[in-house]
Amino acid sequence: MLNPKKFIPTILISSVTATFGCRGTGTNTSIAKDIVGIENFACNGPAPESPGQHNMILFGSPNDATYAYHLPLFAGSTNGTTGHVLMHVYQGLWNVTLDSKTQPKYLEAFNRLSTAEHPIPMFSFSPQKKRFKVPEMICAPNFSFPANVVSGHVEGNPDFPAPAPLINENSQITTNGTAMFGRR
């Protein structure tokens, strides 16, 4: 289980490993695994949550490694412990591949949007036509799903630029390994 006090340092360490090219070589292996203990995750264990739609952040160098990050909701007295929040109690970071139509658009948008003030532009995606449980992303090798990939945040926010699709159709995203995974 993730300790909320370690949440931010975990992300920072994972971002550093991603930035410097340190990444896992497959499911359940990585430099970051010792931080959150993903080697203890039982893929055949109970997963009581319902399948859902899991919007994620997309980041990394388009010329090297690209990562998908699932932000968790913390279960408890504020958010509840059942229903909608239960399917989002997972924090995960996966090395992913974008399909051949999306990858060049990601590279072009990354280079165009990268500025001295904002050197790492924001990208995100919303899975389409497939509802799943987050643990499936580590338990199924090369887990793949269609997604709407955008520059900006897919959920939109009036304080940020409106999301802009990278291509005018669904992209295909495939996991190549888990860099970090935990349940809160």
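Heads up: the sequence shown at position 161 corresponds to 161 in this note's numbering, and the numbers run straight through without jumps. Here a beta-carbon is modelled for each residue, glycine too, at the ideal position from N, C-alpha and C.
For this session: For Glu117, count neighbouring Cβ atoms within 10 angstroms of its own Cβ and tell me buried if that reaches 16, exposed if not.
Result: Counted from its first residue, the sequence shown places residue 117 at position 117. Exposed: under 16 other Cβ atoms inside 10 Å.
Exercise. Rounded to a whole number of angstroms, what is the C-alpha to C-alpha distance between Trp94 and Asp159?
Worked result: In the sequence shown, counting from the first residue as 1, residue 94 sits at position 94. In the sequence shown, counting from the first residue as 1, residue 159 sits at position 159. Rounded to the nearest angstrom, the two C-alpha atoms are 27 Å apart.
Exercise. DSSP beta-bridge partners for Val185?
Worked result: Any property of residue 185 remains undetermined from this structure, which presents the chain solely from 1 to 184.
Exercise. For the alpha helix (DSSP H) that contains Pro104, what are its first and last residues?
Worked result: Here residue 104 is taken as the residue at index 104 of the sequence shown, counted from 1. Run containing Pro104: 102–113, per the alpha helix (DSSP H) assignment.
For this session: Locate the alpha helix (DSSP H) running through Met137, then write down its first and last residues.
Result: Here the question's residue 137 lines up with position 137 in the sequence shown. Counting along the chain, the alpha helix (DSSP H) containing Met137 begins and ends at 136–139.
Exercise. Helix, strand or coil for His70 per DSSP?
Worked result: For the purposes of this step, residue 70 is taken as the residue at position 70 of the sequence shown. Looking at His70 - three-state DSSP - the assignment turns out to be strand.
For this session: Determine the closest residue to Ala164 out of Phe123, Ala140, Met180, with distance taken between C-alpha atoms.
Result: Here residue 164 corresponds to residue number 164 of the sequence shown, with the count starting at 1. Answer by Cα proximity: Phe123.
Exercise. Would you call Gly156 buried or exposed, if buried means 16 or more other Cβ atoms sit within 10 Å of its Cβ?
Worked result: Here residue 156 corresponds to residue number 156 of the sequence shown, with the count starting at 1. Its Cβ having fewer than 16 others within 10 Å, Gly156 is exposed.
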